[in-house]
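Asker:
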Amino acid sequence: MSLNKLVKFSQIISQYVGIVIPPGDWNNLDQMLLKRVIALQLDSAQDYFLFLESSSSASIQEWALLISKLRVGESYFFRDSGQMTVLETVILPELLRLNAGTRKLRLLSAGCSTGEEAYSLAMLLDRIMPSWEGWDIKIIGVEIDAESLNTARRGLYTDWSFRRVPQILKNNYFKQLGSTWQIEQRIRNKVEFICANMVQVDFPNSYPQIYAMDLILCRNVF
Numbered sequence: 106m107s108l109n110k111l112v113k114f115s116q117i118i119s120q121y122v123g124i125v126i127p128p129g130d131w132n133n134l135d136q137m138l139l140k141r142v143i144a145l146q147l148d149s150a151q152d153y154f155l156f157l158e159s160s161s162s163a164s165i166q167e168w169a170l171l172i173s174k175l176r177v178g179e180s181y182f183f184r185d186s187g188q189m190t191v192l193e194t195v196i197l198p199e200l201l202r203l204n205a206g207t208r209k210l211r212l213l214s215a216g217c218s219t220g221e222e223a224y225s226l227a228m229l230l231d232r233i234m235p236s237w238e239g240w241d242i243k244i245i246g247v248e249i250d251a252e253s254l255n256t257a258r259r260g261l262y263t264d265w266s267f268r269r270v271p272q273i274l275k276n277n278y279f280k281q282l283g284s285t286w287q288i289e290q291r292i293r294n295k296v297e298f299i300c301a302n303m304v305q306v307d308f309p310n311s312y313p314q315i316y317a318m319d320l321i322l323c324r325n326v327f
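Numbering (our numbering), first residue to last: 106 to 327.
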């Protein structure tokens, strides 16, 4: 594929889903796009480009598949221990104090991937305030990749997601199922996951759950 075509594809991907593909990865992008051209039995890369630009249901499905291939879903529980310590000892207690009058708290994990960050917030809050009775607390994870969200909603993880988790937390909040670990139901119930494209003009207006957020965690997005 020509350099001009790769530039066009990288631009439309960035505009549509906010994923920026650096020139160093364009060779991999080239191979992936050519495989999609062949799989869809199209005549050329230009035909594939026009197909992606269309608003057909088939194009929407293709974007979903493309996103799952492009998305870097690197995540694990309690990633960045320094940040998590500050959240648990400073930020979350202060938010609870400031919101004691309304007893409402809204937390957002933007680009939540497979859910580890959103669940980490829920576990931190549970450690600070085991009973949420009388509080209206919403923890929301937003992700564009539907496949990643399926993993998040199941709450089922391998050891790779626990490489920074103290064993006591693993024992307190997860149940071992063979070679995997499932987060306990009460923590799963505290988190809502939404599949959304955050670079589209209707975000977040078309999602009534996402408003007046007290805290937004945003890593490797845009």
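Don't be surprised by glycine CBs; every beta carbon is placed ideally from N, CA and C.
Would you call the CB atoms of MET228 and TYR181 closer than 8 angstroms?
Answerer: Contact: no.
Asker: Counting along the chain, where does the beta strand (DSSP E) carrying LYS110 start and finish?
Answerer: Where LYS110 is concerned, there is no enclosing beta strand (DSSP E), although the alpha helix (DSSP H) it sits in stretches over 108–122.
Asker: Give the straight-line distance between the Cα atoms of GLU193 and VAL304, rounded to the nearest whole angstrom.
Answerer: So the two alpha carbons sit approximately 30 angstroms from each other.
Asker: By alpha-carbon positions, which one of ASP135, VAL195, GLN116 ends up nearest to MET106?
Answerer: When only C-alpha atoms are compared, the closest one is ASP135.
Asker: Using only CA atoms, which one of PRO198, SER214, ARG258 lies nearest to ASP231?
Answerer: That would be PRO198, whose Cα lies nearest to the Cα of ASP231.
Asker: Got a sec, what are the start and stop residues for the alpha helix (DSSP H) LEU230 sits in?
Answerer: LEU230 -> alpha helix (DSSP H) spans 221–233.
Asker: How would you label TRP265, buried or exposed, when you count the other beta carbons within 10 angstroms and need 16 or more for buried?
Answerer: Under this definition TRP265 is an exposed residue.
Asker: Pull the bridge partners of LEU261 from the DSSP assignment, please.
Answerer: Bridge partners of LEU261: GLN287.
Asker: Shortest alpha-carbon distance to LEU201 belongs to which of LYS280, TRP240, MET137?
Answerer: The option with the nearest alpha carbon to LEU201 is TRP240.
Asker: Measure the alpha-carbon distance for SER214 versus PHE267 and round it to whole angstroms.
Answerer: Rounded to whole angstroms, SER214 to PHE267 spans 18 angstroms at the Cα level.
Asker: Under the assumption that ILE249 contacts ASN310 (Cβ atoms under 8 angstroms), give the Cβ distance between them as a whole number of angstroms.
Answerer: The pair is not a contact, with the Cβ atoms about 17 angstroms apart (cut-off 8 angstroms).
Asker: If you pair each beta-carbon of the region 289–300 with each one of the region 216–223, do three or more pairs fall below 8 angstroms?
Answerer: They touch, by the three-pair rule.
Asker: Whole angstroms are fine: how far does the CA of ALA251 sit from the CA of ASN204?
Answerer: One C-alpha to the other measures close to 33 angstroms.
Asker: Considering only the alpha carbon of each residue, which of TYR312, ARG269, VAL270, LEU261 lies closest to GLN290?
Answerer: Out of TYR312, ARG269, VAL270, LEU261, LEU261 has the C-alpha closest to the C-alpha of GLN290.
Asker: Grouping DSSP H, G and I as helix and E and B as strand, with all else coil, what is GLN332?
Answerer: Outside the displayed span of the chain (106 to 327) sits residue 332, for which this structure offers no information.
Asker: The beta strand (DSSP E) that contains GLU248, what's its start and end?
Answerer: Residues 241–248.
Asker: Per DSSP, ALA205 forms a beta bridge with which residues?
Answerer: Per DSSP, none; premise fails for ALA205.
Asker: If we ignore side chains and look at the alpha-carbon of each, how far apart do ILE143 and SER159 end up?
Answerer: In a straight line, the C-alpha of ILE143 is about 19 angstroms away from that of SER159.
Asker: Who does VAL296 pair with in a DSSP beta bridge?
Answerer: DSSP lists ILE244 as partners of VAL296.
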